[in-house]
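Heads up, the thing below is written out as structure tokens.
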Amino acid sequence: SVKTSVQETVKEEFKTYSSVVKSGQQQMTPVTPTNIVSVVKKVVEEEDRSRNIMVFGLLEGESEDLVKKVGDVMEKIGEKPRMEMCRVGKAKDGKPRPVKITLSSSLNVSQILSKSRRLGETAQYKTVFLSPDRSYEQRAEHRTLVVDLKRRKTAEPNKRHFICNGTVNSVEKTAAQL
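The sequence shown begins at 1054 in my numbering and counts up one residue at a time.
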């Protein structure tokens, strides 16, 4: 819930006086109303983002039925959640804008993202990708991970590479994967 998230973040953001004294540090972040407001805003934004999914590569038309298009994508992965959706960003020639889907809970987001791999198995949605809604900082961090992933794939093609928990991992391919 938002309340527990706020409490956990406040605990992380503000060190207690005794822990600062024990570690011998002289500097402590002061607890001010401004700091508390910024922490609460950060938590609320993270909570809002945790209920969103971004859809990339979904073709865009002049008079499109976005509800039907997104419904078809969800049907392909075996989900029928209650959702709100809209295109985000400025329209550019030949490039479809991403679709932001807001769901009722972050649990729904996790279920859908875990099944999103099924889209690659269909010819119609091979170029459609689902990802969590990330902040600017998270997008920059993920971008560097993807660059590292691509570098490793070309350097070591005999291994399987993937991103998990903020790191690029490599494992030997099994006989079935070769």
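Ideal placement from N, C-alpha and C gives every residue a C-beta, glycine not left out. Computed from a predicted structure; not experimentally measured.
Buried or exposed: residue i, going by 16 or more other Cβ atoms within 10 Å of its Cβ?
i: TYR1189; result: exposed
i: VAL1181; result: buried
i: ILE1216; result: exposed
i: VAL1200; result: exposed
i: HIS1118; result: Note on identity: in this sequence residue 1118 is Asp, with His being the wrong assignment. That one is exposed.
i: LEU1112; result: exposed
In this structure, what does DSSP give as the bridge partners for residue i?
i: ILE1216; result: VAL1221
On the three-state DSSP scale, how would you describe residue i?
i: LEU1183; result: strand
i: VAL1199; result: helix
i: VAL1108; result: strand
i: ILE1089; result: helix
i: ARG1140; result: strand
i: LYS1148; result: strand
i: THR1155; result: strand
To the nearest angstrom, report how far apart residue i and residue j are at their CA atoms.
i: VAL1224; j: ALA1208; result: 13 Å
i: SER1159; j: GLY1147; result: 32 Å
i: ASN1222; j: SER1116; result: 43 Å
i: GLY1124; j: LYS1095; result: 31 Å
i: ARG1213; j: ASN1088; result: 44 Å
i: THR1227; j: PRO1149; result: 37 Å
i: ALA1176; j: LYS1129; result: 11 Å
i: ARG1171; j: MET1127; result: 10 Å
i: GLU1098; j: VAL1141; result: 17 Å
Segment contact, 8 Å Cβ cut-off, at least three pairs: the stretch 1150–1159 with the stretch 1102–1113: Short answer: they touch.
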